[in-house]
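Visitor:
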Amino acid sequence: MERILILREKKEFMPELDRTVTTVKSKQYFVKDTSKGFHTTFGVIQPAELQKPDGSVIKSDQGKEFILFSPQFIDKYKRLRKLPQTIPLKDIGFIIAETGINKDSVVLDAGAGSGALAASLARIAKKVATYEIRPDFVANIKENFASLGLENIELKEKNVYEGFDEQTADLVTLDLPEPWKAVEHAAKAVKVGGFIINYSPSVPQVMDFVAAVRKNQHLLLVKTVEQIERLWEFEDRRVRPKSISIGHSGFLTVVRRIT
Ligand SMILES: C[S@@+](CC[C@H](N)C(=O)[O-])C[C@H]1O[C@@H](n2cnc3c(N)ncnc32)[C@H](O)[C@@H]1O
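The sequence shown begins at 161 in the working numbering and counts up by one.
(1) Would you mind stating whether A272 and Y291 have Cβ atoms separated by less than 8 Å?
(2) Are there three or more Cβ pairs, one per stretch, closer than 8 Å when the segment 324 to 334 is compared with the segment 353 to 360?
(3) Can the beta-carbon of L310 be found less than 8 Å from the beta-carbon of A289?
(4) Cβ of D335 within 7 Å of any heavy atom in ligand 1?
(5) Go to Y237, then tell me how far its alpha helix (DSSP H) extends in each direction, as first and last residue.
(6) Counting only runs of 3+ residues fully inside the segment 168 to 249, write out the beta strand (DSSP E) ranges in chain order.
(7) Which ranges would you report for the alpha helix (DSSP H) in the segment 302 to 390 if only whole runs of at least 4 residues count?
(8) So what's A285 in DSSP terms, helix, strand or just coil?
(9) Tell me whether R397, by its Cβ, gets closer than 7 Å to a heavy atom of ligand 1.
(10) If you measure between the beta carbons of V181 and E169, is that distance less than 8 Å?
(11) DSSP three-state label for T259, please.
(12) Between E389 and ligand 1, is the CB less than 7 Å from at least one heavy atom?
(13) Look at the alpha carbon of V298 and the alpha carbon of V217, and state the distance between them as a whole number of angstroms.
(14) Across the segment 340 to 347 and the segment 315 to 331, are there enough close Cβ pairs to call them in contact, namely three or more that are closer than 8 Å?
(15) For F254 and D296, I'd like the C-alpha separation in whole angstroms.
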């Protein structure tokens, strides 16, 4: 059994500073094996405690309190081993919302990388086939899919610049060093009315991708967007955007096959 443990943040008013400060930072632990004691810097939690129902408040042998619950998909997703850089959650959300993929959708994805995007799409779609050229990434991708219990993903150890095997997909997602080389193939693999979404970190990649899309009569260039996520901090009346933010991730280009 797997469980999540949360140590709640603790704040105290410090008269000498005349303000409230955080004395214990919130911490989250992932317990993989509840059959043995779990060690934290705040003491050991006994197996019997780890079996308690979701929402229970349990104690370590140092008397520290933790809240216990069962991991959800996202808790497991955040533990995936990331070899190549994965696409951030904010951009995955955009892809899902913009294309409206659902339980009936067939999705093609390349390159698989760490399998993060393919796994997120497989949670929603009927089937995902993801292409990866690097044999040394394959074992990690398979392990990541297995850890999420996903069975509707097919990993293809193939060069996608030579084409997809499938036709009439609802969505093709591209996260590749040279995505323009996959435009013709993606156009053939997606159904009329379906979407191609390209994710690229740099402007020259987007330029060459857009140029290849514009050359293809079957495709309509819908838009290119950059999504900025700004984190905020809440500390008494200091409520404002955090001074350190994530910054740039990548550009998303939305394309539709129209003929
Ligand atoms: C940035 S990673 C993709 C990350 C992935 N979207 C994720 O969320 O985990 C790019 C991947 O594309 C793969 N790749 C590069 N060229 C390829 C090709 N021609 N065919 C298939 N995969 C390719 C690379 O080996 C790398 O694993």
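Virtual Cβ for every residue (Gly too), placed ideally from N, Cα, C.
Guide: For this structure:
(1) yes
(2) yes
(3) no
(4) yes
(5) 233 to 237
(6) 170 to 174, 179 to 184, 187 to 191, 198 to 200, 203 to 205, 217 to 219, 225 to 229
(7) 343 to 349, 363 to 375
(8) coil
(9) no
(10) no
(11) helix
(12) no
(13) 40 Å
(14) yes
(15) 29 Å
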